[in-house]
Structure formats: structure tokens, C-alpha cells
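Below: one structure, written as C-alpha cells.
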Amino acid sequence: MNALAPTGAEAVPDSRGLNLYRADPALARLAALYLPPDLFEHLLPHLDRLGALAGDSLDELAGIADRNPPTLRHRTRRGEDVQSVEKHPAFREMERLAFGEYGLAALSHRGGVLGWPAPMPPAAKYLLTFLFVQAEFGLMCPVSMTDSLTRTLRRFGDPALVARYLPALTSQDVDTLAQGAMFMTEQGAGSDVGATVVSAAPLPDDAWALTGDKWFCSNPDAALAMVLARPIGAPDGIRGVSLFLLPRILPDGRANALHIVRLKEKLGTRSMASGEVQLRGAVAWLVGDPGAGFRQMADMVNNSRLSNGVRAAGLMRRAVTEAAFVARRRVAFGVPLADMPLMQRQLLKMQVWAEQARSMSLQAAEALRRSDAGESGAYALLRMLTPLLKFRACRDARKVAGDAMEVRGGCGYIEEWPDARVLRDAHLGSIWEGTSNVVALDVMRAARRDGGLDALRAHLSGLAVPGLNVQPALARAAGLAEAAMAPGGTHLTRQAASALYHVASAAAMAWEAARLDDPARLAMAGMVLRHRVLPRDPLAADD
Ligand SMILES: Cc1cc2nc3c(=O)[nH]c(=O)nc-3n(C[C@H](O)[C@H](O)[C@H](O)COP(=O)(O)OP(=O)(O)OC[C@H]3O[C@@H](n4cnc5c(N)ncnc54)[C@H](O)[C@@H]3O)c2cc1C
2 MNALAPTGAE AVPDSRGLNL YRADPALARL AALYLPPDLF EHLLPHLDRL
52 GALAGDSLDE LAGIADRNPP TLRHRTRRGE DVQSVEKHPA FREMERLAFG
102 EYGLAALSHR GGVLGWPAPM PPAAKYLLTF LFVQAEFGLM CPVSMTDSLT
152 RTLRRFGDPA LVARYLPALT SQDVDTLAQG AMFMTEQGAG SDVGATVVSA
202 APLPDDAWAL TGDKWFCSNP DAALAMVLAR PIGAPDGIRG VSLFLLPRIL
252 PDGRANALHI VRLKEKLGTR SMASGEVQLR GAVAWLVGDP GAGFRQMADM
302 VNNSRLSNGV RAAGLMRRAV TEAAFVARRR VAFGVPLADM PLMQRQLLKM
352 QVWAEQARSM SLQAAEALRR SDAGESGAYA LLRMLTPLLK FRACRDARKV
402 AGDAMEVRGG CGYIEEWPDA RVLRDAHLGS IWEGTSNVVA LDVMRAARRD
452 GGLDALRAHL SGLAVPGLNV QPALARAAGL AEAAMAPGGT HLTRQAASAL
502 YHVASAAAMA WEAARLDDPA RLAMAGMVLR HRVLPRDPLA ADD
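Residue 2 is where the sequence shown starts when you use my numbering, and the numbers rise one by one after that.
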């Protein structure tokens, strides 16, 4: 036995109670770069408190909610055919924190959240989300759906509809809050949205009756859902699909004709309900142009893809924090794991992937702010950064979460610790809101149709700093993207999207490093280019 090695329970490091904000000093430094100075100062205590919650009571609530998934009740006690989704009190408490106290679904749409008088820029929302999701992933879906539905409704909806529902959608009182959902996927129409068969028939007073099955509906009992349906007589394919706002309760107080058939039994996001919904002539209102349903829904999907990328970055950060915590305290062969060269290499790889995703999240948040402000070229950049982030970060989160599990050894595989939940949740990011193939194809669509590649090139030139020349790597990645977009090149799409992500994230990290005087971050940026984009002997001795 080694005299230095702890034994018994002392030998098992427990991170419960760790402040996830303080454990991650880069967070405050990056927040200072991406937020206006007054908002940064204002948010610091809120980030600190959320970090404390996320490493302690919120994490505990998330574990309880994960072990006690929602259940579906089909009838009221009087026998009425009205479904309700029963959620565990732990989930309700997390809803109070996310929608109520932190106002995550409201803070982009109105002032008054967390004592700030104006709507906050996207970077603020995503920094708070980044911390919250480190404890609870499932609830972030309803939060993001509510935020995204509100955005899409405000952009395209009839002003009377907006006026009717905006106060409830942005309420911080969970009793008056109207949550949002998105019912798009059908059994035969997932990636291929143009195959939508749920139908819409006109009713008096500009209303429509929706009929058919929606196959994946997260937050199925939400007060409002954005639904894709095909008006009777509309053309086949994507151009015949329209966007509708579906209330669960009609303005006269009656329940709408929608039936939650069952809830899905899921690998992850177990705290949150995802169900199948039958629309039985349910009343809904058209949102925007009848022929532009998919384009308008794409606005909601893109917003939620960005949020998904941020969530993947948050999950990776949780994984890195846990792994670093364990590695510094767990002793084997008489030394802490963190002193072992192989462990150092493992931790560094995880950290680099997590930092890439965080920088890309913040860059995309800033592009969204500039795009919404109408700045020239910002929309094209946002169109590019969003699927790049969603595609690559969600895939990397699977790997990083799995590697962090391994750092905890056998305990990592045990459900009492956060690793298993993080890993199960991390796998969903690459499936919903578009699978990896579909999102990588969207990168190329953005590059070609929306001028995204040129916008990215221009943006990366603006990020250039001494110490890292991204041009050779950019030339390689852009060349591969051109090849992927050429006839017969589709099979290169994912490789090209990954390469563009690596170049963009390395450029962003180098730009941040220069402003933060952070040579370690600059070194990580260089590593990304050398290991992921530039030609390299696979057996070369490592950095
Ligand atoms: C837990 C959970 C919650 C969800 N919540 C919602 C929700 O709230 N609302 C909603 O509308 N949907 C929701 N979804 C549905 C989700 O968005 C879809 O499952 C997803 O988009 C994939 O569609 P699909 O299941 O029909 O698979 P398919 O579209 O059949 O895809 C199967 C495979 O084919 C590949 N593929 C498809 N097209 C191409 C192509 N052109 N080139 C190469 N490969 C291709 C895909 O990458 C995938 O690997 C949810 C899904 C899950 C798992």
C-alpha cells in the first residue's frame, strides 16, 4: 500500500458543491470580451450564483428529475379526454429557476429580467444557458422552444396574435407562463420536411383545422406550438407547407382538438417529455406567408440549432470540469492522475474540443446580434456559423462526455454521478434539430446560396492576429468545401464542414487569446490547425 494514497471514501473525489462558474475562470474573461461592459458587470453576480446552483442543488434536482421522468395521464378524474403531463416536483423547481428566476426564455424579448432594463443581447442568454445546461439539459429544450417560438412569432406572426400571446410567452411567473413547442416531424417526414402530410383546412375567421399525426413533439403539452402542415390543395413538396400557431387551449377556454397519444421512452433528456401528438381538426392560425412555411420555420430551427450548439459546448465544459476535478484529486500509483503524461494528454484533448465549441458559440451569438441589428454581411455569417457549430460541437460532445466518464474510472459508469446523464444527453444533440448529415448539408447550402463561405472568409480576415496564420488552413478547408459543393462531391460534405469549423474556431480562439493575453489559448488554436486541418504525419511526435 502507498502511504500517500487515501483509502475508503476519502479516495473517491466528489465534486458536489463545486461552483461551476468559479471552476472555469475562462468564462468570466470571455464574457468580458463578448458583453458590453455595463452588462458584464451587472451579470457577474448572477453568473456566480448560477454556477453555485449548477454544481450543487440544481445538479441534484437534475438527477432526481432524470430518475423520475414525466408521465402521461389521459383523462381527467371526471372522464374527460384531456391529457396532462405529470412532471416531478424537481422538474417544476428547475422550471421555476430557468423560466422564472433567470428568465431565460424572456430576456431576449423584453427588459426587466435579472434587473436589466432592456432586452439582453444573445451572448448574455447563451452564457447563462451555458452554465445552466451543465446541470440540466432536458429542460433547456422547452426553454429554447419557448424563446425561439416567440422570436418566430414576433418576426412573422399577425400583430394581433403577437399581442395576444407575447405577455404569457415572456412571463417569469410559471403559473401564467405559456411555454412553446415545435411540431414538425412526422413518421414519413423527419429530415425530409417536404414529405409533410398533416393537413390544414380553412375555417371561418382566418382559422385553420389541422389533422394528422406529429411523431416527435417535445414539450407536447406546451401552451403554444409552431406546426408545419399542408393546406388542402397546396402543391407537393416543401413549397406547399405552411406554418401555423397551435394553441392547446382555445381563446374561449375549451381544450383544442389535439391528443397526446403517448410519451417516448428516451435514452437521454429523460426529465423532459417528448410525445406523439394527434391533431384531430385542431384549430390553428396561419403564421406569415402560406408558401413560406419552411423558410419561416427554418428561422425557428436555426435559432434552436444555435442553442443546441451552445448546449453541446456547456455539456463539454461540464465534462472537462468534472474530469479535471477528479484528475487533480484521485491518486493512483502514488500520484494524482493529473500528473500522469497520458492523462494530461487526454485532458488537453477534451479541453481543446470544449474551448472550440465555446468560442464558436460566442462568435455565433455575436453574429446573431449583428444580424438582428441589420449589419451588412452578418446574416450570411450567422447562416454559416450556426450549422457549423451545431454539426461539429454536438458530435464532439458525445466524445468528450464519454472521455470524461472514463477519467472517473468505474464511478463514471454509475448513475449516481453526473457523467452517465451527461453522456446520454449529449447523444441527442446530433439527432434532433437535424442529424449530422442533414446539418452538414445545410452548411454547404449556406455556403453556396446565402454567400456564407465568402462571409466566413471576410470574418476570419477580421479576426487575424499575430502568432497564428489561419490562411493556409482556410485555403485547404474552403477548397474542400468547393469540392463538396461541386457535382459528385457530396460525400465530402462532412469532412469539409469539420474543416471549416476547425479553422473558424481556431481563428476565434486566437483572436480571444490576443485580447486576453492568454498564450495557452493561442497554443490551443495552433494545435487545432495542426492536428485537424493541415497536412501532418499521423505518427509525428505530439506537441
Ligand atoms: C428525443 C427527441 C425529441 C425530438 N423532438 C422533436 C420536436 O420537438 N419537434 C420535432 O419536430 N421533431 C422532434 N424530434 C425529431 C427529430 O428532429 C428527428 O428525429 C430528426 O430530424 C431526424 O428525422 P427522422 O427521425 O425522420 O430520421 P430520418 O430523416 O429518416 O433520418 C435517418 C438517417 O438518414 C440520414 N439522412 C436523411 N437525409 C439524408 C441525406 N439527404 N443525406 C444523407 N443522410 C441523410 C440522417 O442523417 C439519419 O442518419 C425529436 C427527436 C428526438 C429523438
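Ideal Cβ positions, reconstructed from N, Cα and C, are used throughout, including at glycine.
| Asked | Found |
| --- | --- |
| From GLN472 to ALA509, what distance separates their C-alpha atoms? | 13 Å |
| Is any heavy atom in ligand 1 found nearer than 7 Å to the beta carbon of LYS391? | no |
| Is the beta carbon of GLN347 sitting closer than 8 Å to the one on VAL408? | yes |
| So what does DSSP say about SER149, is it helix, strand or coil? | helix |
| Please report the residue range of the alpha helix (DSSP H) in which HIS460 lies. | 453-464 |
| Mapping the DSSP letters down to three states, classify ILE65 as helix, strand or coil. | helix |
| Are the CB atoms of LEU461 and LEU442 within a distance shorter than 8 Å? | no |
| Would HIS75 be called buried (16 or more neighbouring beta carbons within 10 Å of its own) or exposed? | exposed |
| With a threshold of 8 Å, are at least 3 pairs of Cβ atoms found where one atom belongs to the segment 280-289 and the other to the segment 130-138? | no |
| Could you check the C-alpha separation between ALA620 and ALA201 for me, to the nearest Å? | Limits of the chain in this structure are 2 at one end and 544 at the other, which puts residue 620 out of reach. |
| What's the C-alpha gap between ARG111 and GLY101? | 14 Å |
| Is it buried or exposed, ALA374, if we count other Cβ atoms within 10 angstroms and call 16 or more buried? | exposed |
| In terms of DSSP beta bridges, what is THR280 paired with? | Note that residue 280 is Leu in the sequence shown here, rather than Thr. GLY213, LEU259. |
| Suppose you measure from the CA of VAL534 to the CA of LEU247; what does that come to, to the nearest Å? | 46 Å |
| Which value, in whole angstroms, describes the spacing of the CA atoms of ASN470 and ALA542? | 22 Å |
| Spatial neighbours of THR177 within its chain, please: CB distance less than 7 Å, with the 5 preceding and 5 following residues excluded, ordered by chain position. | ALA169 |
| Kindly indicate the opening and closing residues of the alpha helix (DSSP H) around SER305. | 294-330 |
| May I have the straight-line CA-CA distance separating MET2 from SER437, to the nearest angstrom? | Confidence at MET2 is low in this model, with a pLDDT of 48, below 50, so its placement is unreliable and the value that follows should be read with caution. In a straight line, the C-alpha of MET2 is about 49 Å away from that of SER437. |
| Tell me whether ILE432 counts as near ligand 1, meaning its Cβ is closer than 7 Å to at least one heavy atom of that ligand. | yes |
| Under the criterion of a Cβ to heavy atom distance below 7 Å, does THR147 qualify as lining ligand 1? | no |
| Specify, as a first and last residue, the run of the beta strand (DSSP E) that LEU231 falls within. | Position check: residue 231 holds Arg in this sequence, whereas Leu was assumed. Residues 225-232. |
| At the level of alpha carbons, what is the spacing between VAL302 and LEU383? | 13 Å |
| Tell me the residue span of the beta strand (DSSP E) that contains THR491. | Element bounds for THR491: n/a, residue is neither H nor E. |
| Is the segment 476-492 close to the segment 449-461, with three or more CB pairs under 8 Å? | yes |
| Mapping DSSP to helix, strand and coil, what is MET121? | coil |
| Taking the alpha carbon of LEU36 as the reference point, which residue from ASN309, VAL86, ARG371, ILE233 has its own alpha carbon closest? | ARG371 |
| Out of curiosity, what's the CA-to-CA distance linking LEU386 and ALA365? | 6 Å |
| Can you find the residues in the same chain that come closer than 7 Å, C-beta to C-beta, to PRO7, ignoring five residues on each side of it along the sequence? | VAL332 |
| GLY115 to TYR127, Cα distance in whole Å? | Looking at the sequence itself, residue 115 is Leu, so the reference to Gly does not match. Cα to Cα, LEU115 sits roughly 15 Å from TYR127. |
| According to DSSP, simplified to helix, strand and coil, what is ILE250? | strand |
| In whole angstroms, what separates the C-alpha of ALA107 from that of GLY335? | 51 Å |
| Any idea which residues DSSP pairs PHE392 with across the strands? | Answer is none; PHE392 lacks a bridge partner. |
| Taking 7 Å as the cut-off, is the C-beta of CYS412 nearer than that to any heavy atom in ligand 1? | no |
| Between which two residues does the alpha helix (DSSP H) holding GLY52 run? | 38-55 |
| When you compare the CB positions of ALA274 and PRO221, do they come within less than 8 Å of one another, or not? | yes |
| Nearest by alpha-carbon distance to SER145: which of TYR414, ALA27, LEU129, PRO118 is it? | LEU129 |
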